[in-house]
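Novice: Structure incoming, see below.
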Amino acid sequence: MSEWKECKLGDVAVFQRGHDLPKTNMKDGNIPVAGSNGIIGYHNEATTRGPGITIGRSGNIGTPKFYKTDFWAHNTVLYVKDFKGNDEQFIFYFLHTFDFMGFNAGSAVPTLNRNHIHEIPVIIPPLPEQRAIAGVLSSLDDKIDLLHRQNNTLEAMAETLFRQWFVEEAQEEWEEGKLSDLISLIESGSRPKGGIDPDLRFGIPSIGAESINGIGNYDYSKTKYITESFYNSMKRGFIKDYDVLIYKDGAYIGRKGMFGNGFPFNNCTVNEHVFILRSNEKSNQFFLYYLLQEEDLAQLNANSAQPGLNQEAMKSFEIIIPPKQLIDKFGNTVKIWIDKIFFNAKQIRTLEKLRDALRFCRS
-7 MSEWKECKLG
3 DVAVFQRGHD
13 LPKTNMKDGN
23 IPVAGSNGII
33 GYHNEATTRG
43 PGITIGRSGN
53 IGTPKFYKTD
63 FWAHNTVLYV
73 KDFKGNDEQF
83 IFYFLHTFDF
93 MGFNAGSAVP
103 TLNRNHIHEI
113 PVIIPPLPEQ
123 RAIAGVLSSL
133 DDKIDLLHRQ
143 NNTLEAMAET
153 LFRQWFVEEA
163 QEEWEEGKLS
173 DLISLIESGS
183 RPKGGIDPDL
193 RFGIPSIGAE
203 SINGIGNYDY
213 SKTKYITESF
223 YNSMKRGFIK
233 DYDVLIYKDG
243 AYIGRKGMFG
253 NGFPFNNCTV
263 NEHVFILRSN
273 EKSNQFFLYY
283 LLQEEDLAQL
293 NANSAQPGLN
303 QEAMKSFEII
313 IPPKQLIDKF
323 GNTVKIWIDK
333 IFFNAKQIRT
343 LEKLRDALRF
353 CRS
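For the sequence shown, the positions run -7 to 355 when our numbering is used.
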């Protein structure tokens, strides 16, 4: 620690504002255009050599992004023009320890001024320690990335199998029916009168529509809680393993999700913007999920004065019902893959917590 150097952030990394590039001016190429939220397109020319780092300058400010290859730094970002001999990956992880929102220039649109952040006092280790720290953190990121890719592969396998058995090989003699023929329950949850207390940091997690995004995906930073007393007063909205969750109303009507095996929580509920669907003895949760994944449920909202899905429209949704033997075979096959996705998702959460804890031990 005695060799760590006290200085300013501008002595460690020099930031430069990015360069304007309207979508209409992007030309066919493989150079990523780095915006404040990540890659926003591709171009045939780079402004910056890789490896490099950007942080959001306008709109979504302060989120560091790492680029291994050359890229075009868009004018919505600041990019590191000079690393001053420091390790690029270490600087990337180091920047994650700052809350750059606190340096917002104060305009109507959040904006980050490079001159302000250059003055931040920092303590920086010597290069060998930088490389050692970056090596540990990047190995965790590599493991996290591998698990994400495994999950994407497993979900793609399940989608492919469903399509093959129930779409491409569908038989004319299969029964016509409605969604109500396959479900035992459809319900939404609730939340306290006046809404959830945003300052509540403990209690029972209440899952909102923004967290319904596929299988094994959850953004813990968006977690909201209800009190145990309210939870005990609830009559509905309790999530069980493998429940099919539907984004009921809002920007992404009809989006589906599934949780289970203690992911993302051992005990949680949904609010009034999410439907829970459970199958009956004629089906199973996995067939039900991928059946609905094939359908555009947003069309059920097309003629509604009030945007959103309602229970009656869902129940009356017309479907084709394959033989139960085939439905069961699909469920038994896919359950193994879904369980692996949930196992991986919990591993990802553990690794992310470890990585983030190590990041914030910068002093």
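The beta carbon of each residue, even a glycine, is placed where N, CA and C say it ideally should be. If you're wondering where the values come from, they're calculated on a predicted model, not measured in any experiment.
#1: In this structure, does DSSP put residue 261 in helix, strand or coil?
#2: Which of helix, strand or coil does DSSP assign to residue 10?
#3: Taking DSSP's pairing of strands, which residues face residue 18 in a bridge?
#4: If you reduce the DSSP assignment to three classes, tell me which class residue 191 lands in.
#5: If contacts are defined as beta-carbon pairs under 8 Å, then residue 333 and residue 143 qualify, I think. What distance do you get, rounded to the angstrom?
#6: Residues bridged to residue 74 by DSSP?
#7: What's the C-alpha gap between residue 106 and residue 95?
#8: Look at the alpha carbon of residue 339 and the alpha carbon of residue 133, and state the distance between them as a whole number of angstroms.
#9: How would you write the range of the alpha helix (DSSP H) that residue 123 sits in, first residue to last?
#10: Please report the straight-line C-alpha distance between residue 245 and residue 285, rounded to a whole angstrom.
#11: Roughly how many angstroms separate the alpha carbons of residue 203 and residue 305, rounded to a whole number?
#12: Beta-carbon within less than 7 Å of residue 233's beta-carbon, same chain only, minus the 5 sequence neighbours each way: which residues are those?
#13: Are the beta-carbon atoms belonging to residue 312 and residue 157 less than 7 Å from one another?
#14: Just to confirm, are residue 45 and residue 72 a CB contact at a threshold of 7 Å?
#15: Count the other C-beta atoms from every protein chain shown that fall within 10 angstroms of the C-beta of residue 262, then say buried if there are 16 or more, exposed otherwise.
#16: For residue 148 and residue 255, which I take to be in contact (beta-carbon distance under 8 Å), what is that distance rounded to the nearest angstrom?
#17: Return the chain-ordered list of same chain residues with a C-beta closer than 7 Å to the C-beta of residue 222, the five sequence neighbours on each side being excluded.
#18: Are the Cβ atoms of residue 60 and residue 343 separated by less than 7 Å?
#19: Can the beta-carbon of residue 236 be found less than 7 Å from the beta-carbon of residue 280?
#20: Starting from residue 323, trace the alpha helix (DSSP H) both ways and give me its first and last residue.
#21: Can you tell me which of the three DSSP states residue 83 falls into?
#22: Any heavy atom of the ligand NAD within a distance shorter than 6 Å of the CB on residue 105?
#23: Report yes if the C-beta distance between residue 400 and residue 228 is below 7 Å; otherwise report no.
#24: Classify residue 291: buried if its beta carbon has 16 or more other beta carbons within 10 angstroms, exposed otherwise.
#25: Please list, in chain order, all residues of the same chain as residue 128 whose beta carbon is under 8 Å from its beta carbon, the five residues on each side excluded.
#26: Could you give the distance in angstroms between the alpha-carbon of residue 197 and the alpha-carbon of residue 268?
#27: On the criterion of 16 or more Cβ atoms from any shown chain inside 10 Å, does residue 10 qualify as buried, or is it exposed?
Specialist: Walking through what the data contain:
#1: strand
#2: coil
#3: According to DSSP, residue 18 bridges with nothing at all.
#4: Here DSSP, grouped into helix, strand and coil, assigns residue 191 to coil.
#5: Indeed, because the Cβ distance is near 5 Å, the residues count as touching under 8 Å.
#6: Its beta-bridge partners are 6.
#7: 9 Å
#8: 12 Å
#9: 119 to 155
#10: Taking the straight line joining both Cα atoms gives about 12 Å.
#11: 23 Å
#12: 252, 253
#13: no
#14: Taking 7 Å as the Cβ cut-off, residue 45 and residue 72 qualify as a contacting pair.
#15: By the 10 Å Cβ count, residue 262 comes out buried.
#16: So it is not a contact: roughly 19 Å between Cβ atoms.
#17: 184
#18: no
#19: yes
#20: 316 to 351 is the span of the alpha helix (DSSP H), which, as asked, contains residue 323.
#21: Reduced to three states, the DSSP call for residue 83 is helix.
#22: Absent from the structure shown: the ligand NAD. Ligands present: none.
#23: The structure shown does not extend to residue 400, since the chain is modelled only from -7 through 355, so no value can be given for it.
#24: Around the CB of residue 291, fewer than 16 other CB atoms lie within 10 Å, so the residue is classed as exposed.
#25: Within the same chain, and ignoring the five residues on either side of residue 128 in sequence, the residues whose Cβ sits closer than 8 Å to its Cβ are 350.
#26: 16 Å
#27: Counting the other Cβ atoms within 10 Å of the Cβ of residue 10 gives 16 or more, which makes it buried.
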